[in-house]
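>
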Amino acid sequence: MILAAVVRSERFVFADLREVLAKANEEKSGDQLAGVAARSARERVAAKRVLADLSLAEIVAHPLIDDEVTRLILDTHNRAAFAEIASLTVGQFREFILDDATNDHALESIATAITPEIAASVAKLMSNKDLIIAASKIRKITRCRNTMGERGVLGIRTQPNHPSDDPTGILISTIDGLLYGCGDALIGVNPANDSADSAAAVLNTLTRLTNAWQIPTQTCCLAHITTQLKAMERGAPIDLLFQSVAGTEAANASFGINLNLLAEGRQRVLEHHATRDCSWRGEQVTYYETGQGSALSAEAHHGVDQLTLEARAHAVARAFDPFLVNSVVGFIGPEYLFDERQIIRAGLEDHFVGKLLGLPMGCDVCYTNHAHADQNSCDNLMVLLASSGCNFFMGVPGSDDVMLNYQSTSYHDALAIRRLLGLRPAPEFRVWLEENGLFQDGRPVHGDSLHRNLLMERAQHLIAHSLE
Amino acid sequence: MDNSPVLQSLIAAFQSRTPARVLLGRSGGAYRTETSLALREDHAAAIDAVHVEIDLVRDFGPETVDHWDLFETSTQAKSKEEYLARPDLGRSLSTDSRELITQLCPRRCDIQVVIGDGLSVAAVRIQVPALLPLIHHACEANSWRFGRPFVVRHCRVGVMNDVGELLDPAVVVLLIGERPGLATAESLSAYLAYRPRAGHTDAQRNLVSNIHARGKSSEEAVAIIVSYALAMHRQGLSGVELTSGQPSLG
Numbered sequence: 001m002i003l004a005a006v007v008r009s010e011r012f013v014f015a016d017l018r019e020v021l022a023k024a025n026e027e028k029s030g031d032q033l034a035g036v037a038a039r040s041a042r043e044r045v046a047a048k049r050v051l052a053d054l055s056l057a058e059i060v061a062h063p064l065i066d067d068e069v070t071r072l073i074l075d076t077h078n079r080a081a082f083a084e085i086a087s088l089t090v091g092q093f094r095e096f097i098l099d100d101a102t103n104d105h106a107l108e109s110i111a112t113a114i115t116p117e118i119a120a121s122v123a124k125l126m127s128n129k130d131l132i133i134a135a136s137k138i139r140k141i142t143r144c145r146n147t148m149g150e151r152g153v154l155g156i157r158t159q160p161n162h163p164s165d166d167p168t169g170i171l172i173s174t175i176d177g178l179l180y181g182c183g184d185a186l187i188g189v190n191p192a193n194d195s196a197d198s199a200a201a202v203l204n205t206l207t208r209l210t211n212a213w214q215i216p217t218q219t220c221c222l223a224h225i226t227t228q229l230k231a232m233e234r235g236a237p238i239d240l241l242f243q244s245v246a247g248t249e250a251a252n253a254s255f256g257i258n259l260n261l262l263a264e265g266r267q268r269v270l271e272h273h274a275t276r277d278c279s280w281r282g283e284q285v286t287y288y289e290t291g292q293g294s295a296l297s298a299e300a301h302h303g304v305d306q307l308t309l310e311a312r313a314h315a316v317a318r319a320f321d322p323f324l325v326n327s328v329v330g331f332i333g334p335e336y337l338f339d340e341r342q343i344i345r346a347g348l349e350d351h352f353v354g355k356l357l358g359l360p361m362g363c364d365v366c367y368t369n370h371a372h373a374d375q376n377s378c379d380n381l382m383v384l385l386a387s388s389g390c391n392f393f394m395g396v397p398g399s400d401d402v403m404l405n406y407q408s409t410s411y412h413d414a415l416a417i418r419r420l421l422g423l424r425p426a427p428e429f430r431v432w433l434e435e436n437g438l439f440q441d442g443r444p445v446h447g448d449s450l451h452r453n454l455l456m457e458r459a460q461h462l463i464a465h466s467l468e
Numbered sequence: 469m470d471n472s473p474v475l476q477s478l479i480a481a482f483q484s485r486t487p488a489r490v491l492l493g494r495s496g497g498a499y500r501t502e503t504s505l506a507l508r509e510d511h512a513a514a515i516d517a518v519h520v521e522i523d524l525v526r527d528f529g530p531e532t533v534d535h536w537d538l539f540e541t542s543t544q545a546k547s548k549e550e551y552l553a554r555p556d557l558g559r560s561l562s563t564d565s566r567e568l569i570t571q572l573c574p575r576r577c578d579i580q581v582v583i584g585d586g587l588s589v590a591a592v593r594i595q596v597p598a599l600l601p602l603i604h605h606a607c608e609a610n611s612w613r614f615g616r617p618f619v620v621r622h623c624r625v626g627v628m629n630d631v632g633e634l635l636d637p638a639v640v641v642l643l644i645g646e647r648p649g650l651a652t653a654e655s656l657s658a659y660l661a662y663r664p665r666a667g668h669t670d671a672q673r674n675l676v677s678n679i680h681a682r683g684k685s686s687e688e689a690v691a692i693i694v695s696y697a698l699a700m701h702r703q704g705l706s707g708v709e710l711t712s713g714q715p716s717l718g
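Here the protein sequences line up with chains A and B, keeping their order. Numbering follows our numbering, in which position 180 of the first sequence is assigned residue number 180; successive positions increment by one, without gaps. Quick note, our numbering runs 468 ahead of the 1-based positions in the second sequence.
#1: Could you check if A:Leu107 is buried or exposed, using at least 16 other CB atoms within 10 Å of its CB as the buried criterion?
#2: Does the beta carbon of B:Leu710 come closer than 7 angstroms to any beta carbon on chain A?
#3: Tell me the rounded alpha-carbon separation between B:Cys577 and A:Ala251.
#4: Which residues in chain A sit within 7 angstroms of B:Val518, going by Cβ to Cβ distance?
#5: Under 7 angstroms Cβ-Cβ, which residues of chain B neighbour A:Val402?
#6: I need the DSSP call for A:Phe320, collapsed to helix, strand or coil.
#7: Opposite A:Met148 in the DSSP bridges: which residues?
#8: Check the Cβ-Cβ distances between A:Glu335 and every residue of chain B, and say whether any is below 7 angstroms.
#9: Can you tell which of A:Glu19, A:Glu340, A:Arg276, A:Ser244 has its C-alpha closest to the C-alpha of A:Glu310?
#10: Identify whether A:His351 lies in helix, strand or coil by the three-state DSSP scheme.
#11: Kindly list, in the order they appear in chain B, the residues whose Cβ is closer than 8 angstroms to that of A:His62.
#12: Using DSSP with H/G/I as helix, E/B as strand and the rest coil, what is A:Glu289?
#13: Flag B:Ala545 as yes if its beta-carbon sits less than 7 angstroms from any beta-carbon of chain A, otherwise no.
#14: Residues of chain A with CB closer than 8 angstroms to the CB of B:Arg554, please, in chain order.
#15: Give the DSSP-derived three-state secondary structure of B:Tyr696 in the structure shown.
#16: Kindly indicate the opening and closing residues of the beta strand (DSSP E) around A:Met394.
#17: Nearest to A:Arg145 by CA position, among A:Gly282, A:Met382, A:Ile2, is which residue?
#18: So A:Ile114 and A:Leu357 are supposed to be a Cβ contact under 8 angstroms. How far apart are they, rounded?
#19: Excluding sequence positions up to five away, which residues of its chain have a Cβ less than 8 angstroms from the Cβ of A:Ala373?
#20: When we look at the beta-carbon of A:Arg8 and count the other beta-carbons within 10 Å, is it buried (16 or more) or exposed?
#21: Only counting runs of 3 or more residues, tell me where the beta strand (DSSP E) segments fall wholly within the segment 178 to 244 of chain A, in order along the chain.
#22: Can you tell me the Cα-Cα spacing of B:Asp719 and B:Cys623, whole angstroms?
#23: Per DSSP, what kind of secondary structure is A:Ala15 in: helix, strand or coil?
#24: Assuming B:Ile583 contacts B:Val625 under a Cβ cut-off of 8 angstroms, what Cβ separation, rounded to an integer in Å, is found between them?
#25: Which residues, taken in chain order from the segment 373 to 402 of chain A, show a beta carbon closer than 9 angstroms to some beta carbon of chain B?
#26: If we define contact as Cβ-Cβ less than 7 angstroms, is A:Met25 a contact residue for chain B?
#27: What whole-angstrom Cβ distance do A:Val20 and A:Val50 have, given they're in contact under 8 angstroms?
#28: Would you say B:Leu660 faces chain A, with C-beta separation under 7 angstroms as the test?
#29: Taking CB distances under 7 angstroms as the criterion, tell me whether B:Arg682 reaches chain A.
#30: What are the complete beta strand (DSSP E) segments, minimum 3 residues, inside the segment 519 to 604 of chain B?
#31: Would you give the residue range spanned by the beta strand (DSSP E) that B:Tyr659 belongs to?
#32: Confirm, please, whether the CB-CB distance from A:Ala81 to A:Phe352 is below 7 angstroms.
#33: May I have the straight-line CA-CA distance separating A:Lys28 from B:Ser588, to the nearest angstrom?
#34: With 7 angstroms set as the bound, which would you pick, yes or no: does the beta-carbon of B:Ser677 sit closer than that to a beta-carbon of chain A?
#35: Confirm, please, whether the CB-CB distance from A:Ala246 to A:Ala196 is below 7 angstroms.
#36: In or out: B:Val708 buried (at least 16 other Cβ within 10 Å) or exposed?
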């Protein structure tokens, strides 16, 4: 491998692939914190030039970390499909992806030939617009209790969190979302209490609603995977098994997980689905969240940059055939993504890399109150990602998550973006919305609808019942 | 619909059941103007809350400081800005603070409470004076030796490892201000770890979050803290591997 380049008569030499990848990244506070970022704008360009001339075969031949995530990546690498692209340089691969002649089928057929390090590499050579155009070519359709990811569909995960997991509070936020057509991707609660009993209570509350109203969607309690499995043992229904995943074995260990646990959990939920009386559309039963910076935050990054590690987290998710994956891009804070500019860049990178690897990629477009960002940052990234074909966003009442204490996208935002870009809810869910008088011709009915009033009354009955 | 008094009272009843911003009404796909301005106002307050520095006497009052013999230490982060930018410095106690803690605190207690400012001094100011007596009382009830509590400025959760190394308590309880949200800047978390040591991660910690007026009450929080501590003492470990016979725990 040639690991040197001259930029404006200065010669930059890099020690190894890890250093090239890190320094080729767009500026991120997390890479600076890790001490791996380019020290000058020229050094950044030099690293990009070096990276552009490396072949995909060279990248695969030089693993960055020796751990179980790397072994997973190499063991599941589709070498037959890879043979078709192995001799391309990263620069040529970028042009191939963006070429008019390269369509969704071409990119889908090589998804399993693409390692996360390749996906991250090519992202480092792309502008924001490149990332949007390239990702927009790729759809990933997944099925559980409904069908997500078709072209023209924008799903919303309702996030009806409550600071003490109060079932009534959770139901009210959920129903508010339904009135806006939100909840097709998932109705998913982040519990304030990570105990099996709390998780079971949340799951039972949500399932009572989806059963009573026959809503064709998935529910989930985003507790630790072991907590969800314990709740399942105690009889709680699980549609999607959730877990946060990271791109190194050590970072996953800090989450209290490993690949075996993820595999075992998925298997047990598949068996559990077979015992339930539901009309399953498909067998994609997992939901994963990722986010740049999580490995560094656990001091488990091995000197590798955060975009490459994010791509490796996507490879972990890919191994377990997920229904949904999303990058929680602004959640981690300014130490890793300093401001709106870095959050937007990372959001576009994560979505593109996920799609290229074949994931049903969504995004929690968000920020914390100690980052240099605000709701305008969310507006910007949401429009960019929606035009890029992002599978789903979060729907939080008024954008304000009153349990996790950060701001995401709201039910109002979902309405606005679907309108702006002519996007619809998932097909089964859309039928339900129209049958229940909440939507007409793919749009929410006006506020004075009789049906809406009826639903509010039904909500009152359901909630009164839930308090008994 | 919006004009119907029945529906208006139903909406008000729903809104009273959750701090979430539900049933707001809309202008097309946008908020109403009042909603939009209220969000801006609450965000402004949250940003300001992040940057406040802790002051023991101002925040707890001289009686509380005297009663608990509270003293102040700090991490290696020298300013709020450095604290925000450098999580590694916020996880490590300053050299002076290490000496002070070693001098002033008894070793090998059963429970060592540490108070960290974290991202919200308001949360620490409001929740800690209510929590400390309850935790202390529970320690007496269980015949646990209660360590001398102290305050850590510019504190991150990883500080627990340093405290474990210095004082070797069985259980460290870190009461730390959560990052302020829009609905409240007063939310506190309690992290617990059994014999924390350098290199330990969140996988070896248990968390009781959302301790505030509309989340968990002080009594509820301390009940969970005590049940975690009991389980840790019995099982000699903490974190994801901790199991408990208590129905309230996983």
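Glycine included, each C-beta is placed from N, C-alpha and C at the ideal position.
Let me spell this out:
#1: Position 107 of the first sequence, counted from the first residue, corresponds to residue 107 of chain A. Around the beta-carbon of A:Leu107, 16 or more other beta-carbon atoms lie within 10 Å, marking it buried.
#2: As a working note, residue 710 of chain B is residue 242 in the second sequence. Not one beta carbon of chain A lies nearer than 7 angstroms to the beta carbon of B:Leu710.
#3: Your numbering for residue 577 of chain B matches position 109 in the second sequence. Your numbering for residue 251 of chain A matches position 251 in the first sequence. Looking at the two C-alpha atoms, the distance is approximately 31 angstroms.
#4: Within the second sequence, residue 518 of chain B is the residue found at index 50, counting from 1. Going along chain A in sequence order, the residues near B:Val518 (Cβ under 7 angstroms) are Asn369, His370.
#5: What you label residue 402 of chain A is simply residue 402 of the first sequence in a count that begins at 1. Within 7 angstroms of the CB of A:Val402, the CB atoms of chain B belong to Pro487, Ala488, Gly649, Ala651, in sequence order along the chain.
#6: Here residue 320 of chain A corresponds to residue number 320 of the first sequence, with the count starting at 1. In the three-state scheme derived from DSSP, where H, G and I count as helix and E and B as strand, A:Phe320 is classed as coil.
#7: To locate residue 148 of chain A, count along the first sequence from 1; it is residue 148. Answer is A:Thr142, bridged to A:Met148.
#8: As a working mapping, residue 335 of chain A is identified with position 335 in the first sequence. For A:Glu335, the answer is yes, since a Cβ of chain B falls inside 7 angstroms of its Cβ.
#9: Working through the first sequence from its first residue, we reach residue 310 of chain A at position 310. If we check each option's Cα against that of A:Glu310, A:Ser244 comes out closest.
#10: On the first sequence, residue 351 of chain A is found 351 positions in, with the first residue counted as 1. Correct three-state label for A:His351: helix.
#11: Translated into the one-based positions of the first sequence, residue 62 of chain A becomes position 62. What A:His62 touches in chain B: nothing, since even the nearest Cβ is about 28 angstroms away.
#12: For the purposes of this step, residue 289 of chain A is taken as the residue at position 289 of the first sequence. If DSSP states are grouped into helix, strand and coil, A:Glu289 belongs with the strands.
#13: On the second sequence, position 77 is the one that residue 545 of chain B refers to. No, because no Cβ of chain A sits closer than 7 angstroms to the Cβ of B:Ala545.
#14: Looking up residue 554 of chain B in the second sequence gives position 86. Residues of chain A whose Cβ lies closer than 8 angstroms to the Cβ of B:Arg554 are, in chain order, Leu33, Glu335.
#15: Position 228 of the second sequence, counted from the first residue, corresponds to residue 696 of chain B. Three-state result, B:Tyr696: helix.
#16: The residue labelled residue 394 of chain A in the question sits at position 394 within the first sequence. Where A:Met394 is concerned, the enclosing beta strand (DSSP E) stretches over 392 to 395.
#17: Along the first sequence, one-based indexing puts residue 145 of chain A at 145. Ranking A:Gly282, A:Met382, A:Ile2 by Cα distance to A:Arg145 puts A:Gly282 first.
#18: For the purposes of this step, residue 114 of chain A is taken as residue 114 along the first sequence, with counting starting at 1. For the purposes of this step, residue 357 of chain A is taken as residue 357 along the first sequence, with counting starting at 1. The beta-carbon distance between A:Ile114 and A:Leu357, rounded to whole angstroms, is 6 angstroms. This is short enough to meet the 8 angstroms contact definition.
#19: Along the first sequence, read from residue 1 onward, the residue named residue 373 of chain A stands at position 373. Cβ neighbours of A:Ala373 beyond the five flanking positions: Gly330, Asp339, Glu340, Ile343, Tyr367.
#20: On the first sequence, position 8 is the one that residue 8 of chain A refers to. Around the CB of A:Arg8, fewer than 16 other CB atoms lie within 10 Å, so the residue is classed as exposed.
#21: Qualifying beta strand (DSSP E) stretches, in chain order: 186 to 189, 219 to 221, 241 to 244.
#22: Outside the shown range of chain B, which is 469 to 718, sits residue 719 of chain B, and nothing can be said about it.
#23: As a working mapping, residue 15 of chain A is identified with position 15 in the first sequence. Coil at A:Ala15, not helix or strand.
#24: Along the second sequence, read from residue 1 onward, the residue named residue 583 of chain B stands at position 115. Along the second sequence, read from residue 1 onward, the residue named residue 625 of chain B stands at position 157. With a Cβ gap of about 13 angstroms, B:Ile583 and B:Val625 do not count as contacting.
#25: Listed by position along the chain: Asp374, Gln375, Val396, Pro397, Gly398, Ser399, Asp400, Asp401, Val402.
#26: For the purposes of this step, residue 25 of chain A is taken as residue 25 along the first sequence, with counting starting at 1. For clarity, residue 25 of chain A is Asn in the given sequence; the question names Met instead. False, the Cβ-Cβ gap to chain B never drops below 7 angstroms.
#27: The residue you call residue 20 of chain A lines up with position 20 of the first sequence. The residue you call residue 50 of chain A lines up with position 50 of the first sequence. Yes, they are in contact, since the Cβ atoms of A:Val20 and A:Val50 sit about 5 angstroms apart, within 8 angstroms.
#28: Numbered from 1 along the second sequence, position 192 holds the residue referred to as residue 660 of chain B. False, the Cβ-Cβ gap to chain A never drops below 7 angstroms.
#29: Along the second sequence, read from residue 1 onward, the residue named residue 682 of chain B stands at position 214. Between B:Arg682 and chain A, the shortest Cβ-Cβ separation is below 7 angstroms.
#30: You should have 540 to 542, 579 to 584.
#31: Within the second sequence, the letter at position 191 stands for residue 659 of chain B. Looking at the DSSP string, the run of the beta strand (DSSP E) that includes B:Tyr659 is 656 to 662.
#32: Translated into the one-based positions of the first sequence, residue 352 of chain A becomes position 352. Translated into the one-based positions of the first sequence, residue 81 of chain A becomes position 81. Going by C-beta atoms, A:Phe352 is not nearer than 7 angstroms to A:Ala81.
#33: Working through the first sequence from its first residue, we reach residue 28 of chain A at position 28. Working through the second sequence from its first residue, we reach residue 588 of chain B at position 120. A:Lys28 and B:Ser588: Cα-Cα distance of roughly 25 angstroms.
#34: For the purposes of this step, residue 677 of chain B is taken as the residue at position 209 of the second sequence. Judged by the 7 angstroms Cβ criterion, B:Ser677 is in contact with chain A.
#35: For the purposes of this step, residue 196 of chain A is taken as the residue at position 196 of the first sequence. For the purposes of this step, residue 246 of chain A is taken as the residue at position 246 of the first sequence. Going by C-beta atoms, A:Ala196 is not nearer than 7 angstroms to A:Ala246.
#36: Start at 1 with the first residue of the second sequence, and residue 708 of chain B comes out as number 240. It is buried - the Cβ of B:Val708 has at least 16 other Cβ atoms within 10 Å.
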